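When we follow the numbering used here, the leftmost residue of the sequence shown carries the number 2, and every step to the right adds one. No residue lacks a Cβ here, since even glycine has one placed at the ideal position from N, Cα and C. As the structure is a computational prediction, the values presented were derived from the model and not from experiment.
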Amino acid sequence: MKRSLLKLLRAWTCAPALCLGSAFLAPTRAEDPSDWTSWRGPNDFGAIGAVANAGFPDAVTKDQLRWSAPLPGKGCSTPIHFGGKIYLTA
């Protein structure tokens, strides 16, 4: 009786510990720093690290534009950049 109780106790303590340990050791995908996966960028302030002080202009002229896309309505959100694609909401 004592031996079976010890086995049961060991199973009930080892199984959760093993599951919890494997959750911490599971591989995770490293985020590309150029990917903006949330609103306002990875740090929620609209810029990535040194890019915040890179001296980008406040406005862009038509000569400086590289691409544009028509929107079906007014867009007031921050664009999302992920996996080489840009997602916009309007």
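Within the same chain, Ile87 and Leu89 come within 6 angstroms of Pro80 by CB-CB distance, once the 5 residues on both sides are set aside.
If you draw a straight line from the Cα of Gly85 to the Cα of Leu6, it comes to about 57 angstroms. In the three-state DSSP reduction, Lys86 falls in the strand class (E or B). Rounded to whole angstroms, the Cβ separation of Ala91 and Leu72 is 4 angstroms, and the two are in contact under 8 angstroms.
C-alpha of Ala70 to C-alpha of Gly76: approximately 12 angstroms in a straight line.
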